[in-house]
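Asker: Dropping the structure in here first, questions after.
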Amino acid sequence: MAFSKKLIENIKALLHSAAMENLNHDLYRAICEELHVVKMYYEMDLGDEDRYRNHRTGELVIAAKEVDKQLVLFDSGKKSGFSRQYRYYYEGYEYVRAYIEFEEGVKEEELDDSVYDLCADLVYILASRENLRRMLDFAETSDVLTGIPNIAYCQKKYDKMLQNADPHDFLLLRINLRNFKYINEVAGAGAGDEAIIQYSRKLFRAVEDDEGLCRLGGDNFVAFIHKENSKKFLKKVSSITINKLKAAPNNQFEIGAWVGISSLADDEEKNFLERLNDANVACGIGKSRLKQDVVFYGDNLKEMVMQGRDIIAAFPAAVKGHEFKPFFQPKVDMRTGELVGFEALCRWLHDGHFILPDQFVPILDREGLIPDLDLTIFNETCRAIRSWKDMGLNPPRISSNFSRKNLFVPRFENKILRVLEDNGLVAEDVEIEITESTKDIEYDRLISFVKTLKEKGLFISIDDFGTGYSSLSLLHNIEADIIKIDKSFTDMVTEDKKSAILIESVITIARKLDMQTIAEGVETKEQGKMLMDMGCNFAQGFYYSKPVDYQDATELIKKNPFKPITE
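Take 50 as the starting number for the sequence shown in the working numbering and just add one per residue.
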């Protein structure tokens, strides 16, 4: 069969359609009928084909109908005789297998190979071009990893929704997954990606057709939903089960979320980005300061935001003006009542009143200012020690806390040593409290940090011991002098048998490693006596004293009013 005039006209029409608009698949029919073809389809390696699938309809976005894993361009429904296969390659690898099935009665030897080869190549090129266009359009509006919409598409859908709806009837949500980094750390980055994919698709099925959900990036999502659907949607967000993760406990994780919500007041008008900013603020404050799963943006949050900005703006002058004050909580030998130390705790005296740590620490932490705050309190503590020595007093060793955030400040150990030197103190005057680390990169740096300070003669204590999940490894690799038993264990020592057994085990291990133990949060004589029976002789807590200012600490050093806990 040669090129007939009708076949040429149909091919020209197909080319024009592909060049000027979306490809008209009805034109395939005219060409196939002219060539006695009853079915034309192909198989294509799409990799993870779900990336190119509409997750609401379940259909692939490419230019073909999916039938039994075949991508069908034309099917007349008639019975076929023989078929031909065409293979196409990309960068040396087989990429597509195309198939043409002919009418019954057509004899293969009567076909003009040049006509069919040309037509097959032509259809392959046109179909590939249209698929590329559709995939690019899909990629422009979809998240690369999960295939659900991205923020650009979500905003367009929101704006389009407003043409026929009232924005006051909708909530806009910013969603941040809780502790998602734990999945990456425990199960690996691959499992983390799979968890995000599963989470996205399960949550996507929870929104209605006239609502929207998108992945903002990382473990963050944005949604807009009807107010009347909010209870059901938030219940779904509160816990989504991720299955078939090989490295996960029981092959699954339960994922919750922090949610910030923008709900417009009756007289309030805001666009999508303004509402998203409000939801971002609510989500951030809920996570870092309020510790609430779901937070609505409102006047109270606006005030907190302004307060946060004021705190950040005031911080440099507060450091220079010595507004950050160490308050000193005594450490006492329960056997004798002797004052054996203090822990320096941070307080901020600003404009004549104290700002509580939970009001400013999360804000400074978010701004990366915790290393500056820790060093400031350490310097103020050293100044207090210097002052007491100049008064002829003999203050006990005083501990100062240093956050894990300091580990990533280059040569931070040298800054600590320089503060000691500037105040004319020696290593025995102070103690450095560090918290348990949770990441390998922090852990390695922590070992180096401690090693440098120990070589200079400083005392090291491990704060909040037992709250991390690297406790025994920490004891093995770090030459600490003191273990501080976390208050959460002390609270339960007389109430819970398991806590008592754990504490006694820690005390025994510490003693065999030539480490001291001190119990934090001792509030009753019964707790103190039980701790002493276990072998822990040192305590810190309200049973002896709350944290006190410099003047009251001075009196405690002079008078040492404490008594043995047995009296």
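Positions of the beta carbon are idealized from the N, C-alpha and C atoms, including for glycine.
#1: Assuming H275 is part of the beta strand (DSSP E), what are its boundary residues?
#2: Using DSSP bridges, identify the partner residues of N225.
#3: Excluding the five sequence neighbours on either side, which residues of its own chain have a C-beta within less than 6 Å of the C-beta of F187, listed in chain order?
#4: Can you check whether the CB of L507 is closer than 8 Å to the CB of A549?
#5: Below 8 Å on the Cβ atoms is my contact criterion, and I expect V87 with K127 to pass it. Report the Cβ-Cβ distance as a whole number of Å.
#6: Do N329 and G309 have their CB atoms nearer than 8 Å?
#7: Under a three-way DSSP split, which group does L220 fall into?
#8: Leaving out five residues before and five after M353 in sequence, what residues of the same chain have Cβ atoms less than 8 Å from its Cβ?
#9: Can the beta-carbon of R37 be found closer than 8 Å to that of T484?
#10: So, with DSSP's three-state summary, where would you put D124?
#11: May I ask you to list the residues that DSSP assigns as paired with N450?
#12: Please specify which runs of the alpha helix (DSSP H), each continuous and at least 4 residues long, are wholly inside the region 52–117, giving them in chain order.
#13: Is the beta carbon of H399 closer than 8 Å to that of E372?
#14: For the putative contact between S288 and R264, defined by C-beta atoms under 8 Å, what is the C-beta separation to the nearest angstrom?
#15: If we ignore side chains and look at the alpha-carbon of each, how far apart do T566 and E528 end up?
#16: Kindly confirm or deny that the region 584–602 and the region 558–572 touch, where touching means at least three C-beta pairs closer than 8 Å.
#17: Can you give the Cα-Cα distance for I80 and E70, rounded to whole angstroms?
#18: Just to confirm the assignment, what range does the alpha helix (DSSP H) spanning I509 have?
#19: Taking C-beta to C-beta, are R384 and P613 nearer than 8 Å?
#20: If you drop the 5 nearest sequence neighbours on each side, which residues of the same chain put their C-beta closer than 7 Å to that of L474?
#21: Is DSSP giving N292 helix, strand or coil here?
#22: Does DSSP classify L618 as helix, strand or coil?
#23: Closest to F377 by CA distance: which of D601, G130, E83 is it?
#24: By alpha-carbon positions, which one of L422, F514, M93 ends up nearest to R396?
#25: Going by DSSP, name the residue or residues bridged to Y148.
#26: Suppose only complete runs of 4+ residues qualify. What are the alpha helix (DSSP H) ranges in the region 533–570, listed by chain order?
#27: DSSP state of F611, grouped into three classes?
#28: Taking contact to mean at least 3 C-beta pairs separated by less than 8 Å, is the region 219–226 in contact with the region 164–184?
#29: For K285, which residues from the same chain have a beta carbon less than 6 Å from its beta carbon, with the 5 sequence-adjacent residues on both sides left out?
#30: Taking 7 Å as the line, does the beta carbon of G506 fall inside it for any heavy atom of the ligand NAP?
Answerer: In short, the structure shows the following:
#1: 269–275
#2: N269, W307
#3: V110
#4: no
#5: 4 Å
#6: yes
#7: strand
#8: I334, R338
#9: Here the chain covers residues 50 to 616 and nothing more, so residue 37 does not appear.
#10: strand
#11: E482
#12: 54–69, 75–83
#13: yes
#14: Actually they are not in contact, since the Cβ atoms of S288 and R264 sit about 19 Å apart, beyond 8 Å.
#15: 14 Å
#16: yes
#17: 19 Å
#18: Premise fails: I509 lies in the beta strand (DSSP E), 508–514, not in any alpha helix (DSSP H).
#19: yes
#20: C431, I434, R435
#21: coil
#22: Beyond the ends of the chain as shown, which are 50 and 616, falls residue 618; an answer cannot be given.
#23: D601
#24: L422
#25: Y90, Q134
#26: 536–539, 546–561
#27: coil
#28: no
#29: A255
#30: You won't find the ligand NAP in this model; it holds no ligand whatsoever.
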